[in-house]
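Yeah, the sequence shown ends on 209 if you go by full-length UniProt numbering, and it's all consecutive.
Idealized CB from N, CA, C, for every residue including glycine.
Since this is a predicted model, take the numbers as computed values, not measurements.
Take a look at the structure below.
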Amino acid sequence: MVKADFGDALLFFEPSYLVRRGLEAFLVTQSSDSYFIDTLRELERVLKEGKPRALIMELYHQREYLYDVLRFVLTAKNVWPEIPLVIFTAVEHPGILALLAADARIAIVAKEEPLHCLSDAIAAAGEFSGYRSPHIRARSVHPAAALSDSEWRVLAMMVAGASPGSIANVTRRSYKTISSHKLNIMRKLGLNQAGFMRLILSLRTRYPS
């Protein structure tokens with residue numbers, strides 16, 4: 001068991017019942033309070049209330065698309081920087097891991113790794129120093145670079161099904177500008193065209209119910 005003295009409560013965003021029970025058994029906190037959240041809206045509400053002192057999250061969920069969870073994670077770390085954050089995930093796409101790794105404050109662990117990696121991640125998150133488990137480091141071969149706001153908008157619209165041409169029409173930008181944003185995303189994440197399309201498909205997924 002691991003002592004996780006973050007404060008009053010732990011907050012979990014985890015779709016698997018078995019993983020939830022395992023985390024409860026594995027972690028020892030200052031209190032017995034723990035919260036299991038099933039939607040991003042509920043997660044935002046609880047974070048605003050300020051009671052939980054640490055958040056352990058999976059990126060996959062039955063009720064949320066992976067893209068929405070990813071954006072929430074990256075935004076939440078700026079809105080609530082005082083809350084230790086551990087991503088405990090089965091997601092392996094290098095582009096998604098690169099987007100997360102652009103924020104050095106986030107601790108990231110692959111679910112397939114030994115529990116001591118989760119322990120190390122929790123310790124690092126408590127000190128706001130960030131952590132990348134061995135499997136995550138092996139998958140994150142491209143240097144992390146944050147996307148610009150314009151690049152995020154283009155990515156979001158492509159995840160929603162829009163083509164570069166339709167994005168250009170809707171945003172009243174030139175096709176060349178939109179294509180440039182797309183190429184910058186690919187470059188920053190170290191993806192070729194096939195890898196980028198796999199990223200788009202991955203970001204549209206939910207956890208199997």
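Asked, Found
"Neighbourhood of F72 by C-beta distance below 6 Å, restricted to the same chain and skipping five residues each side", "L40"
"Nearest candidate by alpha-carbon position, reference D38, set H61, L27, L85", "H61"
"CB of I83 within 8 Å of CB of V109, strictly", "no"
"Nearest neighbour of G195, chosen from A168, N169, H142 [CA to CA]", "H142"
"Exposed unless 16 or more other CB atoms sit within 10 angstroms - verdict on T89", "buried"
"Own chain residues within Cβ distance below 7 Å of R172, not counting five before or after", "none"
"Nonlocal neighbours in the same chain, by C-beta distance under 8 Å from M186, ignoring five residues either side", "N192, Q193, G195, F196"
"As assigned by DSSP and simplified to three states, the class of T39", "coil"
"Whole-number beta carbon distance between G190 and P81, since they are thought to touch under 8 Å", "Their Cβ separation, rounded to whole angstroms, is 27 Å, which puts P81 and G190 out of contact at 8 Å."
"Other residues of its chain near S140: CB distance less than 8 Å, five sequence neighbours each side excluded", "P94, L97, A98, A101, R132"
"Cβ neighbour criterion (16 or more within 10 Å) applied to R21", "exposed"
"Outcome for A124 when other beta-carbon atoms lying within 10 angstroms are tallied against a minimum of 16", "buried"
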